[in-house]
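Q: Below is the structure I would like to discuss, written out as structure tokens.
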Amino acid sequence: MSAMKIGAITDEFSPDIAVAVEAMREIGMKGAELRVVNGKNIMDLTDAELDAALAAVHGAGLEVTATT
């Protein structure tokens, strides 16, 4: 049986994606769900904003588990 990856919705930690993923990393989470990033719904992000959000997630050693 494979281990379950623990994750959370980033904006429930902080509206600032960088702050959120760092806090999530510090407590051992492995996954991030993107819903609102820096005050914008994930569907409203530009390509550049989405790339930056993904870079923040991956830079913290997390993977995106879902988008809502």
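According to the working numbering, the sequence shown is numbered sequentially starting from 6. Note that beta-carbon positions come from the ideal geometry of N, C-alpha and C, so glycine has one too.
Checking 8 angstroms against the spacing of the C-beta atoms, do L50 and V42 come in under that value?
A: Yes, the pair counts as a contact, with Cβ atoms nearer than the cut-off.
Q: Measure the alpha-carbon distance for A13 versus E68 and round it to whole angstroms.
A: When rounded, the distance between both Cα atoms is 11 angstroms.
Q: Rounded to the nearest angstrom, how far is the Cβ of A65 from that of E27, given a contact under 8 angstroms?
A: The pair is a contact, with the Cβ atoms about 6 angstroms apart (cut-off 8 angstroms).
Q: If distances are taken between C-alpha atoms only, which option among A60, A53, G44, L55 comes closest to F18?
A: Minimum Cα distance to F18 is reached at G44.
Q: If you run the structure through DSSP and keep just helix, strand and coil, what is L39?
A: Of the three classes helix, strand and coil, the one that applies to L39 here is strand, per DSSP.
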